[in-house]
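Encoded as structure tokens, the structure appears first; notes follow it.
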Amino acid sequence: MNANADPHEIQKFSDLAHRWWDPTSEFRPLHDINPLRLEWINARVPLHGRKAIDIGCGGGILAESMARKGADVTGIDLSEKALKVADLHSLEAGMNMRYELISAEDMAAREAGQYDVVTCMEMLEHVPDPAAIVRAAAALCKPGGRVFFSTLNRNPKSYLFAVIGAEYVLRLLPKGTHDYAKFVTPAELSQFVRQAGLQVDAVKGMTYNPFTKVYSLGSNTSVNYMIACTKPL
11 MNANADPHEI
21 QKFSDLAHRW
31 WDPTSEFRPL
41 HDINPLRLEW
51 INARVPLHGR
61 KAIDIGCGGG
71 ILAESMARKG
81 ADVTGIDLSE
91 KALKVADLHS
101 LEAGMNMRYE
111 LISAEDMAAR
121 EAGQYDVVTC
131 MEMLEHVPDP
141 AAIVRAAAAL
151 CKPGGRVFFS
161 TLNRNPKSYL
171 FAVIGAEYVL
181 RLLPKGTHDY
191 AKFVTPAELS
201 QFVRQAGLQV
211 DAVKGMTYNP
221 FTKVYSLGSN
231 TSVNYMIACT
241 KPL
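In our numbering, the protein residues as written are 11 to 243.
Structure (structure tokens):
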């Protein structure tokens with residue numbers, strides 16, 4: 011097991027892997043937010059013809075949607091079950107993609123500077139050392155390329171909304187999905203990004219309306235947020 015991975019976290023998502031592509035399952039939030047984050051990424055760097063890698067790709071929801079935009083996509087994860095689901099779904103959909111069971115750090119050592127676009131969504135809050143993942147993402151990116159992260163802010167509101175609200179009240183996610191202590195503030199992530207040699211281009215918040223059951227992008231980064239970065243030439 012890679013040192014920068016929590017076996018409990020991997021097992022948690024492996025146990026649910028067979029439900030990854032069911033939009034009514036525990037992964038419904040990922041299906042709901044995927045179009046928003048995909049279009050935000052594509053607006054900042056048109057994906058068609060780009061070489062992209064999705065770190066912590068899970069069952070492949072974002073990776074496959076980037077491939078549909080015309081990107082040459084590789085997805086990596088440490089859950090073998092999730093990768094099997096991703097691979098099977100891409101075959102059924104007729105998508106030509108590559109999935110691999112490998113850590114971000116090992117992939118960065120092997121394929122440094124090979125990717126125009128690097129994404130790492132909803133993963134940093136599940137690993138022991140998020141800064142190491144950021145460094146690996148930066149290493150994988152070509153000079154002039156773009157790197158995108160999304161994660162959960164750490165504050166009382168995010169605990170109330172992302173843990174109590176999402177897991178216990180609205181039941182959008184299984185109980186125990188998130189460990190509040192692992193949430194990462196925008197200031198912390200921005201520091202990791204700069205220390206990895208990247209520059210922050212934009213920060214975007216994502217909010218959920220429990221009445222309309224609709225997610226939207228905006229300036230509110232108090233719970234969910236994304237960061238777009240560039241690797242200088």
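Glycine included, every Cβ here is placed at the ideal spot set by N, Cα and C.
A straight line joining the alpha-carbon of S100 with that of K91 spans about 14 Å. Distance check between Q209 and each of S113, G85 and I237 places I237 closest, using alpha-carbon atoms only. In the three-state scheme derived from DSSP, where H, G and I count as helix and E and B as strand, V137 is classed as coil.
Approximately 4 Å separates the beta-carbon atoms of T231 and G215; this is inside 8 Å, confirming the contact.
A distance of 9 Å or more separates the beta carbons of L57 and L227. Rounded to the nearest angstrom, the gap between the Cα atoms of E74 and P166 is 34 Å. In this structure, L150 and A118 form a Cβ contact; the two beta carbons are roughly 5 Å apart against a cut-off of 8 Å. Across the structure, A13 and D116 are spaced so that their CA atoms are roughly 11 Å apart.
In the DSSP assignment, R54 falls within the alpha helix (DSSP H) that extends over R38 to R54.
Taking the Cα positions, P196 is about 7 Å away from N163.
Contact annotation: R108 and T84 have beta-carbon atoms nearer than 9 Å. C67 is not a Cβ neighbour of I51, given a cutoff of 9 Å. Secondary structure at D82: strand, using DSSP grouped into helix, strand and coil.
With 16 or more other CB atoms across the displayed protein chains lying within 10 angstroms of its CB, P140 is buried. Ranking L93, Q201, E36 and D16 by CA distance to the CA of R145 puts Q201 first. Here E49 is exposed: its Cβ has fewer than 16 other Cβ atoms, across all protein chains shown, within 10 Å. For Y235 and D42, the gap between their C-alpha atoms comes out near 15 Å. Excluding the 5 residues flanking it on each side, D64 has same chain C-beta neighbours closer than 6 Å at L72, A73, G85 and T129, in chain order.
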